[in-house]
Amino acid sequence: MMGRMAEPLTNDDELLQRAAQSDLSALETIFDTYYRPLYRYIYHHIRHVETAEDMTGQVFQRLLTALQSSSPPDHHLKAWLFRVAHNLIVDESRRQRYRDHEPFDAEIATAKATAGIIGDVESTADVEADVTRRLLVDQTRAALDALTPMQREVIILRFLSELSLEETAHILNMQVGAVKAMQHRALASLRRLLIAQESYEEEP
Amino acid sequence: MNENHAGDSLEAALSAVKAAVPEPTRQAAQKRAFLAAAQTTTHTASVDSAFPQMHSTRLSLRRPSREARVTSRLLLACATFAAAVIGLLALLPSLNQDVTLTVLEATPTNPMSSLANLQPITPDNAARLERLMVLGRGAINTLEYAPDGETLAVATTTGVYLHDTASWEREPVLLGDQGGNVTTLAYSDDGTRLATAYTDGVRVWDAQQNQVLVHITESLADSANVTLLDFSADGQTLRAFACPEPINRLTCDDYHIYVWDIATGETWLDFPVNQKLFPGMTPPVFSPDDQWVVIADAPGNIMFYDMNTGGVVLTFAIKYTMTVNDMVFTLDSQHLILIGAGFGGQGGQATYWRVQDLIDHQPHMLSELTPVRTVQINNSIVSQAAWTGEHEWILSATADMVTLRDAASETIVQTFASRITSMSAEVRLSPDAQTVIVRTPGSMLQIWDVVAGTLTTEITAYGSRGNTAQFDSSRSVMLNIPGYSEGVMHIWSLDGTTPADAPNPTTIMIQADGGSIPVSDAALYETEDGQRIVAYMGDIYVPERTRGIWRYNLEALSTAFWMESDQFTRGRPSFRADGTMQRLREAGNSRRWLVINTPVGDEYTRTLELGSDDALRSSAAFSPDGRLLVASICQNWSFCNADEIRIWDTLTGRLLARLDLKIIGLAVRSNDVLYFSPDGRYLAAHTCYRPALDTLSDQRVCYDGKVRLWDTAPVYHHLEQLLPPEVTPEAGSEAFDGESDIPPLPIDLNLENYPYGLSAGAFSPMNADGSYLLAVTDNQQMTLYIFNPETSETSVLRTLTHADPPPTFDVKIAPSGVTTATFSLDGTLLAISGDGTIQLWGVSEG
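Line order of the protein sequences matches chains B and D.
The first sequence runs 1 to 204 under our numbering.
The second sequence runs 1 to 846 under our numbering.
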């Protein structure tokens, strides 16, 4: 096995070192810093609030477990957490296929997500704007669904979760160049799909 | 939108999606649980410090009757309590530990003599087809201790099994020899009565004689779903929470509370109750003084109903904080305990509310009042308040740990590393507080000693609805995966050679990191020297060592080797005649597919790439000889409408055929719906038609749902003509390397239409007259067709329904129905699964 080159310590690295020493304040900082980004990342895939929350909790559970292991993570905390989340998402997708043939309740998920989007609207203009926004969200999500899984993953990591190319590459175990290429193709596909959707809807 | 504006619009579109994420509601609670778990990890000694008094003093049982029954409250709040999974995993060993394999000793089961002297199932004798044997006891719905603690009653999909708690190794007794799905049960306070809810009504039994005293059917439809039974304090009436006419297993728009007279079965009270969104997710609780029934729904509404009038007395909400995990009245009915129902971000608590305060104050939101007492639980997915005598306990479970707390001192008395790998399970404290029982999601029972904190027994003969089964080539062994989440495989000996006192089945547990690894599917192979090999496809719950192959024979079980960790594996792994194992997996960074060929007993040698187009596989299967890989193709996971089937050569990776279903308006439906006849000659697919615009609506609707068959002979013929992959065909060469000319249109079969799709199907081996039997099932029944390739004629041979044969066991387990069907290669047995058992059907000679 190749040895890893020494890397300068970042704030995250220090946090990890302290967390490995059971420093609760470090763990708290990690939780506060990464809970929402992880939740949002998972939600973009799962689109179900409670499940996304549960899975976010599992990411931190894995962190605790990993910190107790013989080879705890000591670098790239953010990428490590997102990678665990990524694995859990894949895991969850697989589990859904075996759960007693009960379909995921997309309607409920959509309703809850919609409630989150629309909120309490009052004026007609608000309603129109919100409906338009909701349609845009639906269209974009449908287009995202039409991408290949890895293209979708890159879009979510790069543009919805705002991770860097390097972080995305680390999470997906790819070269940075490959991520760039994937991102380029994904954006092109997404743009094409959105244009196609719009054209379809504009037909009489 | 045009290209010029596309960039801006794309940015706007992504921004809109980015903004459309609802706020999480449980961050604070999860944080609290996370930090508590971290603290627990670093202060294990303090957990132990609460323990010594348990060593020195056995707990006394002062009021074993009703109090024990109060322990019955069990709640699982699956998607609600994220803190659930956080915590005590950290106590477990590291992820880097090896996966271990355990072979459990099982109780000897019935001898297999009834499987001797069978005839192959043919059209001529299909009328004599009968159920010969049922392996396993079904899937557990719930369980209860008798008040004296001497009996554990387990309600399953096949009846109620009574375990002698003094001797767990003894085979349990089937209550009254009465089969059928039992959704819930309850003991009376004095233990003399046992009430059970079957799909055909509620029965009250003499608990000593195991005889039915009264069968209550009034007010309930045949398919009524009774989710809670409870005896009144005086034992004169039975209260129930039920959906008299459920829409399906999860949906009901009309829940009722019933009160029946036990002596006559007459209905004394029947009133509807209001539950929204997820009714029945949290069973109601009756107050010990018979005055109230309290109901909670998933959005967090709690309603008090007057048991005398059926009227709503009080409604308040704990909305958007946390779902109630459990509700229990104190023994004097003065306080209501809500477990896991914190508010304002206060998660993981048992909060005590004075009932009179609630009634007097009539709060709109629970946060308007202050609980009289709060006990921190940290986290739980399953929780239970239990009394032994006047002593109050709180039992809570995370994904991997069960914790017993003394409610009075709020100290942890004992923890149990229960290895539950999913978010649904049950926990029970015995009336003497000496034993904790944990039910895992796949229906394994773990018996824990409270004082020692150790696992004493695991009972594994229960299953789950996701049972799978496959015969070995000689029909002497059956491989059974009783539940996806269990990490358990059963190997049943069917040939009667197993000594009567030997375990049957042999239970294999695959564990790592102190927990079990879920097993999604497995394949069985028999070498020439009789050694059996099991290849299992694990989950990625543990990121390493999740796929493996076990060598297995009746004497020993050992690891052959591990395969690398990866993400998805489609379909069941396959063995070729030379012992090579192969499986289909998806590459991690594209939609490429890979077939991995693995000589058994060695490292895997070859990864075969099948292509890198935009296709997704919704289901896949290998031909029996392993030479062909077939998969259905779709483009979108969210609304997968697989409108193409592709066939590849597994030796070269070459695409051999495309069956374009679009031209006939069909799509392959669901997963695991591709299968071959045992000789590989015919490929079957469960198909349906869904209009394109219908994909966003109810995906269950399936127009023209049928089984379609294709003759694979052209594909094999094509294979014979193919050049080796390294040879480039010359111009004019007779050999070709394109796709085969297999007709895309299926054989026109005269099968029935299944509007809601098919759940399982199986081919028999070819009969002497060249025909095949085809067993297919939807949610209602299993139909046996005869298919004659010479004439392409198909006709119904036999229909097996839940009433066939009456009345012991159901084929139909609504609504999921039969999930697995398979013929043995000698054609003598048809195995059906769907209720947690494996039913073996066959025709006896004579």
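All residues carry an ideal CB built from backbone N, CA and C; glycine is no exception.
These figures come from a predicted structure and were not determined experimentally.
- For a Cβ distance threshold of 7 Å, residue set E53 of chain B lies close to D:R26, ordered along the chain.
- Rounded to the nearest angstrom, the gap between the Cα atoms of D:Q119 and D:M444 is 35 Å.
- Look at the segment 31-43 of chain B: the residues with a C-beta under 8 Å from a C-beta of chain D are F31, D32, Y35, R36, Y39, R40 and Y43.
- Within the model, the alpha-carbon separation for D:T196 versus B:F60 is close to 42 Å.
- In this structure, the CA atom of D:S792 is about 7 Å from the CA atom of D:I747.
- For B:G57, a Cβ of chain D is located within less than 8 Å of the residue's own Cβ.
- In this structure, B:L81 places its C-beta atom within 8 Å of the C-beta atom of B:L38.
- Within the DSSP bridge table, the entry for D:D261 names D:T237 as partners.
- Under the three-state reduction of DSSP output, D:A522 falls in the strand class.
- Of all alpha-carbon atoms in D:E169, D:D660 and D:D326, the one lying nearest the alpha-carbon of D:I302 is that of D:D326.
- When D:H335, D:V294 and D:G310 are compared, the shortest CA-CA separation from D:A317 is found for D:V294.
- When Cβ-Cβ separations below 8 Å define contact, B:L15 makes no contact with chain D.
- At a cut-off of 8 Å between beta carbons, B:E28 contacts chain D.
- Closest in C-alpha terms to D:L404, from the list D:G389, D:A29 and D:I377, comes D:I377.
- Cα atoms of D:A116 and D:V212: separation of roughly 36 Å, rounded to the nearest angstrom.
- For D:Y255, the secondary structure class from DSSP, reduced to helix, strand or coil, is strand.
- The DSSP-derived three-state label of D:T687 is strand.
- By the Cβ neighbour-count rule, D:H718 is buried, with 16 or more other Cβ atoms within 10 Å of its own.
- Here the segment 832-842 of chain D makes contact with the segment 123-132 of chain D; the two share three or more CB pairs at distances below 8 Å.
- D:S493 is not a Cβ neighbour of D:N480, given a cutoff of 8 Å.
- Under DSSP, D:L494 takes part in no beta bridge, so it has no partner.
- Residue pairing of D:F823 in beta bridges, as defined by DSSP: D:L830.
- Shortest Cα-Cα distance from D:G149 to any of D:E218, D:P573, D:S430 and D:V673 involves D:S430.
- Ranking D:M365, D:L825, D:S232 and D:G463 by CA distance to the CA of D:N308 puts D:S232 first.
- Setting aside the 5 residues that flank it on each side, D:A153 is surrounded in the same chain by E144, V160, L162 and L185, each with a C-beta closer than 6 Å to its C-beta; the list follows chain order.
- In this structure B:A146 is in contact with B:L193, their Cβ atoms being roughly 5 Å apart against a cut-off of 8 Å.
- The Cβ atoms of D:V796 and B:T140 lie no closer than 8 Å to each other.
- By the criterion of at least three beta-carbon pairs nearer than 8 Å, the segment 17-30 of chain B is not in contact with the segment 39-58 of chain B.
- Scanning D:V488, D:V226 and D:W387 for the CA closest to the CA of D:V328 turns up D:W387.
- Of the candidates D:V707, D:H335 and D:V375, D:H335 places its Cα closest to the Cα of D:L358.
- Residue contact check for B:R191 against chain D: a CB pair falls below 8 Å.
- Taking the C-beta atoms as reference points, D:L656 is found no nearer than 8 Å to D:L584.
- In the DSSP assignment, D:Q446 falls outside any alpha helix (DSSP H) and within the unbroken beta strand (DSSP E) covering L445 to D449.
- By the criterion of a C-beta distance shorter than 8 Å, D:A408 is surrounded in its chain by H391 and E392, once the five residues flanking it on both sides are discounted.
- Take D:P172, set aside five residues on each side of it, and the residues of its chain with a beta-carbon closer than 6 Å to its own are Y161, L162 and H163, in chain order.
- Classified as buried, D:W648 has 16 or more neighbouring CB atoms from the shown chains inside 10 Å of its CB.
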